[in-house]
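What follows is a set of notes on a single structure, which appears directly below.
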Amino acid sequence: MRLTFHGAARTVTGSMHLLETNQHRVMLDCGLFQGHRAEAAQRNANPPVDPKTIDTAILSHAHIDHCGNLPTYIKRGFAGDVNCTSATRDLAMLMLRDSARIQEQDAQYLNQKTSRAGMPPVEPLYTSADAERALQHLVGRPYGRAFNLNGGTRVQFIEAGHILGSAITVMDLTEENRAVRLCFTGDLGRKGTPILLDPELAQQIDYLIIESTYGDREHGAFEKTEDDLARIIRETVTRGGKVVIPAFAVERTQEILYSLHLKSEAHLVPSIPMFVDSPLAVRATDVFRMHLECLKPAVTEHLLTHADPFGFEKLHLTRTVEESKQINQIEGSVVIISANGMCEAGRVLHHLKNTIEDERNTVLFVGYQAENTLGRRIQDGTKKVKIFGDEFSVRAHVESASGFSAHADRSDLIDWVTACKENLKGVFVVHGEEKSALSLADALRAVGKFSVNVPAPGQIFEL
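Residue numbers (this note's numbering): 97 to 559.
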């Protein structure tokens with residue numbers, strides 16, 4: 097039995113690991129790498145494994161850095177099932193279609209600029225047709241009900257609490273009369289968040305692949321973060337400014353809406369227009385309403401009593417490009433929630449272009465910003481940024497509310513491993529910048545007698 101760590105190894109994005117036994121080759125996640133545009137294009141277009149040699153795949157959840165390169169692999173010959181929870185299947189259908197649209201639009205935009213310079217045309221990483229073919233491979237599975245892969249490996253999904261449909265994958269492997277239980281957390285969520293169920297614990301595991309996004313730091317209390325959100329909006333409105341919130345279309349947007357719903361009911365935010373300017377986020381919110389099995393009882397009760405927890409007075413959901421453009425014509429204060437959460441694509445770029453040079457405005461980050469993304473550069477205090485190839489001065493206020501994070505923090509991760517350590521032989525720390533992953537690994541070595549490794553890209557381990 098062998099594990100090779102191809103993506104999200106000493107970095108955060110591009111999650112992809114390969115499990116090999118004498119029975120099959122299983123791909124754990126198939127995510128897009130995000131960062132420097134040229135590097136991302138190169139890595140995403142050139143799979144580190146021949147897709148034709150992979151038998152089956154498992155998706156931990158529907159975020160694009162975990163599922164977004166499936167169309168490329170299928171275009172290159174992967175023909176197996178892609179197993180995931182039913183909610184992940186429904187969200188991944190939205191995410192992959194949206195990703196394909198962005199790939200096509202980005203290529204079209206770049207070609208308009210490069211053609212004038214006599215440069216060769218740029219091809220999209222994959223097309224809408226490629227994405228539609230990928231969707232045919234998705235197989236939705238219920239939580240808690242084991243299923244078998246070809247070759248006899250038994251797999252079960254349990255709640256990860258990260259986003260709707262996110263799952264911890266528990267795999268019972270057999271090879272030459274040897275049995276091994278492998279657990280892959282995907283992205284592990286937090287306890288006590290307002291919308292999703294808490295992460296479950298895996299039992300009797302031998303080897304663990306665990307994320308480390310926040311392996312070197314703690315989050316603030318969720319309630320304080322919600323208070324900060326309301327305060328930042330009030331302060332910006334007092335200046336006569338606008339608030340732009342780059343937010344992931346799946347989970348983060350819904351959490352922000354739920355918080356704003358409660359703050360609006362309590363009259364703790366000004367009565368100003370608020371917009372969700374992301375067709376994907378609007379469609380994803382509809383998927384939330386379809387999967388009550390993933391939601392906290394209080395949220396389910398809201399939905400069943402026909403009181404929409406994701407809607408309130410003054411909230412506007414935009415779908416068309418024309419509606420999006422009209423937002424920037426509003427002269428007074430507004431709140432704009434728009435994707436993509438790391439400011440690498442999507443409508444949020446247009447809103448940043450129109451607001452970032454005005455010191456009355458605020459750019460509020462509510463999620464993780466990966467290295468070398470536009471969001472990270474703004475968050476780190478860069479004074480000038482390029483948007484659509486044009487340079488802008490960052491004069492707007494820049495704020496961060498990390499307490500909205502859907503990732504477990506350092507204490508959460510250590511507590512989870514401590515509760516699951518009884519039979520543990522080895523831990524592989526992934527999905528974190530090197531500093532964060534190494535810090536968590538050091539802490540986990542004090543938890544038990546199991547080995548702890550932080551794989552480098554391409555590194556192979558025998559189980």
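Quick reminder that beta carbons are idealized off the backbone N, C-alpha and C, glycines included.
Check, Outcome
"Give the range of the alpha helix (DSSP H) segment to which S182 is assigned.", "182–212"
"Return the residue from the list L234, A225, G261 that minimises the CA-CA distance to A175.", "L234"
"Please state whether the Cβ-Cβ distance between G257 and L284 is less than 9 angstroms.", "yes"
"Please state the DSSP three-state secondary structure of Y303.", "strand"
"Roughly how far, in whole angstroms, is the beta-carbon of D226 from the beta-carbon of A196, given that I think they are within contact range, below 8 angstroms?", "7 angstroms"
"Would you tell me roughly how many angstroms separate the C-alpha atoms of A515 and R313, rounded to the nearest one?", "20 angstroms"
"According to DSSP, which residues form a beta bridge with G236?", "C180"
"Answer with buried or exposed for V251, where buried requires no fewer than 16 other C-beta atoms within 10 angstroms of its C-beta.", "buried"
"Since G471 is in the alpha helix (DSSP H), which residue starts that stretch and which ends it?", "470–475"
"Does DSSP put C279 in a helix, a strand or coil?", "strand"
"Whole angstroms are fine: how far does the CA of A377 sit from the CA of R561?", "This structure leaves residue 561 out entirely; the chain is present only between 97 and 559."
"Taking only the alpha-carbon atoms, compute the straight-line gap between V462 and Q119 and give it to the nearest angstrom.", "43 angstroms"
"For my contact list, G103 and G127 are in at a C-beta cut-off of 8 angstroms; report their separation, rounded to the angstrom.", "6 angstroms"
"How many whole angstroms separate the CB atoms of I254 and G236, which I take to be in contact at a CB cut-off of 8 angstroms?", "About 15 angstroms separates the two Cβ atoms, so there is no contact after all."
"Mind reading off the beta-carbon distance from L221 to A141? Whole number of angstroms is fine, and I expect it under 8 angstroms.", "6 angstroms"
"Excluding the five sequence neighbours on either side, which residues of its own chain have a C-beta within less than 8 angstroms of the C-beta of K410, listed in chain order?", "S360, S367, I368, P369, M370"
"Starting from the N-terminal side, write out each stretch of the alpha helix (DSSP H) that is 4 residues or longer and does not extend beyond the stretch 310–365.", "318–334, 348–361"
"Check the C-beta distance from L460 over to E440 and give it rounded, since I have them as a contact under 8 angstroms.", "Rounded, the Cβ-Cβ distance is 17 angstroms, inconsistent with contact."
"Starting from the N-terminal side, write out each stretch of the alpha helix (DSSP H) that is 4 residues or longer and does not extend beyond the stretch 443–494.", "444–451, 470–475"
"For the alpha helix (DSSP H) that H102 lies in, which residues bound it at each end?", "Unbroken run through H102 is the beta strand (DSSP E), 98–103; no alpha helix (DSSP H)."
"What three-state label does DSSP hand L70 in the structure shown?", "Outside the displayed range of the chain (97 to 559) lies residue 70, so it cannot be described from this structure."
"Could you spell out where the alpha helix (DSSP H) holding F546 opens and where it closes?", "From DSSP, F546 is part of no alpha helix (DSSP H); its letter is neither H nor E."
"Does the Cβ of K531 have 16 or more other Cβ atoms within 10 Å, making it buried, or fewer, making it exposed?", "exposed"
"Can you tell me which of the three DSSP states A153 falls into?", "strand"
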